[in-house]
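Residue numbers (my numbering), protein chains in the order written: chain A, 1 to 428; chain B, 1 to 428. Structure first, then comments.
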């Protein structure tokens, strides 16, 4: 029976879970893949740290980079994290030395995926990263295989469980952003420093990878990114009254042969599928021909869901499937034009807190009319005690650049009490 | 460049669509799979039938069985349908003659899949059937690859678009079964003879295939099957009032190392994911460790969704991935015990139409109490004009055999005006 010698680098929650899982399921995985997965070596920053796994003394390697040179290593699993430093060194060196690589590192793949893919292709080894994008949702393998026939026009969805937990809990329990964020930290749904989850960067990295796979293109960093930090309870209440939920969505779409990539809070109809995805779940919706619409939903993160993804990649290598990391060879990947969202049409929700005095409303609406943006609905709620008033405006479809102009122009007005807010609407 | 010679047998809607698709996307599929798909031959029942595809004269073969012997055929795509006759002959002969086979034929695979798989394994050729189960939902490839790490405990969902269209349209438009069935026929959502869609057999065939893949077992025909023909508007209204939707669901689940397979109309909570799947969509929910719950949703049938599935199978063969049809080799597939649902617990909705006279209600409830089945809710609606009364009973969890006993016993009573009805409830 063939065997595959594996080295795991990084033994945090995920690395330790994977170590246990591979040991426990060796027979099962051997039967399914006709090849024995052997954990030959492990390496991590701190040898003395207490871990709930039994590492044999001859399994431990002090210098993780040595693994890239050892003859009895076939596959290196990188679970260090971060797009620079040790993770980058390890993966580049591993591929250069003709080792297969499996990684859960979305930041690394989003940044260096094209370069890494070129080395993997040249050296005929695998570089697999199912675990980098929505752990329990087998979207990468589905794009590469199950949906391979399709010309994809759009991929979108909920790619960050932390943000989705915060927004859906703020809504259901009527609590503030900070209250829910602290609860998420207590429950282990948010890291102690949750900034990449909340500012949209985590979604952006995943979206770049998916976009490249969907459109057979190189990775591209032309992407609009906005997180959820400025969403408050009042926005969620207003959205509800208007028939919407607020979700942090990532979109990559092809319109007239240009790709638009964007991540931002979105008002989406309550009756839509995505509006019903609550808590830490992830959901990915793919639109293409001939399949129509195909949707995959599951747990996005955590040791168990991530291990499911890592093991699917490991199994693919056990079976000896050498494939291009991005589905096509370097020379066949396309150079497609990526565009900013300036010219893209959006309906939008805008909120202005203003001094409650005569003339303000007409002043605001005149800015809309000057920029040729039509208003679908307008609601003014005065707070007589504070002498301020909140104006909510829902626009018809208009170019993003006009929305920006309106916000910039109105922000400067002296009757504005607070930074105006803009949330784009998805009416599909 | 390598090439793969393909023969398509059966040129109905799906065969014709696939023929056009492969011709149009030859370059794209070659780039993705490093192998050229060549439609070498086609065959169908009636050569003279008008089709909207351009078949070259040297592509047509009169006797489809000749294709299994031609040296310049590598892959046969079977799109004839039916589990006996020509389809069976073609697929058995193709595999025996070491041709790869791709099929959309669920009835054939559900019945002869184990025998066919054995021949494919012996002859080291592929037998692929993604298109046999929920066309636009890449569930088979997901089970074999994306979710390969998982010990699956349950798979369930909506596997028949026709039935789902009928039930959801009866609900939304408040129309009768027959009215909606005729509409479905007009729209092409139901065949002129829709019996296998309506009696549950179509779901049963898909479920047997999925069950075998999930539990690494042989195909098993111990399955409870009940269709939707007896569901009327009144049941749907009653369900709504009680907070449920009526769906035709298929379930395969492992409980105490026994597998239960069942297909039946089910009352499922309105707030559940499955209750929100309307129209001709299919949805498959997989529960397993370590992934938790993973869900895939998409169009279940029709030429375009089916072609997406067929081409994913063809691509897998183009790339030269020889795999066991059911993921494991013959000798490693398990013999697991399959059980009838007699001992399984269900809550249930029961409806009795009775003569409106004294003593009936206590007579009915005494049958429940004799069989030790607890009643959670009871609603009696008298129709004074007709002197009949409808009694709806919702039970607590109880063994299926007791529910059957109650129905059998009460059916014989002389106060019963109409065949009593039983719909199982899924409270998850």
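Cβ coordinates follow ideal geometry from the N, Cα and C atoms, glycine included.
Secondary structure at residue i, three-state DSSP: helix, strand or coil?
i	result
residue 424(A)	strand
residue 329(B)	coil
residue 267(B)	strand
residue 14(A)	helix
residue 383(A)	strand
residue 230(B)	coil
residue 40(B)	strand
residue 157(A)	strand
residue 217(B)	strand
residue 250(B)	strand
residue 410(A)	helix
residue 189(B)	coil
residue 149(A)	coil
residue 20(A)	helix
residue 199(B)	coil
residue 212(A)	helix
residue 45(A)	coil
residue 164(B)	helix
residue 389(A)	strand
residue 402(A)	helix
residue 4(A)	strand
Quick check on residue i: buried or exposed, where buried means 16 or more other Cβ atoms within 10 Å of its Cβ?
i	result
residue 358(A)	exposed
residue 400(B)	buried
residue 328(B)	buried
residue 1(A)	exposed
residue 333(A)	buried
residue 261(A)	buried
residue 382(B)	exposed
residue 396(A)	exposed
residue 264(A)	buried
residue 345(B)	exposed
residue 379(B)	exposed
residue 411(B)	exposed
residue 58(A)	exposed
residue 187(A)	exposed
residue 33(B)	buried
residue 49(A)	exposed
residue 243(B)	exposed
residue 197(A)	buried
residue 387(A)	exposed
residue 53(A)	exposed
For the putative contact between residue i and residue j, defined by C-beta atoms under 8 angstroms, what is the C-beta separation to the nearest angstrom?
i	j	result
residue 391(B)	residue 352(B)	5 angstroms
residue 64(A)	residue 88(A)	About 12 angstroms separates the two Cβ atoms, so there is no contact after all.
residue 394(A)	residue 338(A)	Incorrect: roughly 29 angstroms between the Cβ atoms, too far for contact.
residue 308(A)	residue 145(B)	At roughly 11 angstroms, the Cβ-Cβ gap does not stay under 8 angstroms, so residue 308(A) and residue 145(B) are not in contact.
residue 325(B)	residue 117(B)	4 angstroms
residue 330(A)	residue 121(A)	6 angstroms
residue 203(A)	residue 256(A)	About 25 angstroms separates the two Cβ atoms, so there is no contact after all.
residue 177(A)	residue 232(A)	6 angstroms
residue 39(B)	residue 76(B)	Rounded, the Cβ-Cβ distance is 12 angstroms, inconsistent with contact.
residue 200(B)	residue 248(B)	7 angstroms
residue 208(A)	residue 107(A)	In fact, because the Cβ distance is near 10 angstroms, the residues do not count as touching under 8 angstroms.
residue 277(B)	residue 217(B)	Rounded, the Cβ-Cβ distance is 27 angstroms, inconsistent with contact.
Mind pulling the chain C residues with CB within less than 8 angstroms of residue i?
i	result
residue 147(B)	The structure shown contains no chain C; its protein chains are A and B.
Indicate whether the contact test is met: 3 or more Cβ pairs, each with one atom in the region 264-276 of chain A and one in the region 135-151 of chain A, closer than 8 angstroms. no
Inter-stretch contact at 8 angstroms, needing at least 3 Cβ pairs: the region 155-174 of chain A / the region 223-234 of chain A: yes
For the region 315-324 of chain B and the region 79-88 of chain B, state whether three or more C-beta atom pairs, one from each stretch, are separated by less than 8 angstroms. no
Length-filtered (3 minimum) beta strand (DSSP E) runs lying within the region 324-381 of chain A: 337-339 and 345-355
Below 8 angstroms, how does it come out for the region 9-22 of chain B and the region 281-288 of chain A: are there three or more Cβ pairs, yes or no? no
Can we say the region 61-80 of chain A touches the region 33-52 of chain A, given the rule of at least three CB pairs closer than 8 angstroms? yes
What runs of the beta strand (DSSP E), each 3 residues or longer, lie entirely inside the region 254-325 of chain B? 258-269, 281-289 and 292-299
Sufficient close CB pairs (3 or more, under 8 angstroms) joining the region 125-132 of chain A to the region 96-110 of chain A: yes
Would you mind listing the alpha helix (DSSP H) stretches within the region 52-140 of chain A that are 4+ residues and don't spill past its ends, in chain order? 85-96 and 106-122
Taking contact to mean at least 3 C-beta pairs separated by less than 8 angstroms, is the region 363-377 of chain A in contact with the region 288-299 of chain A? no
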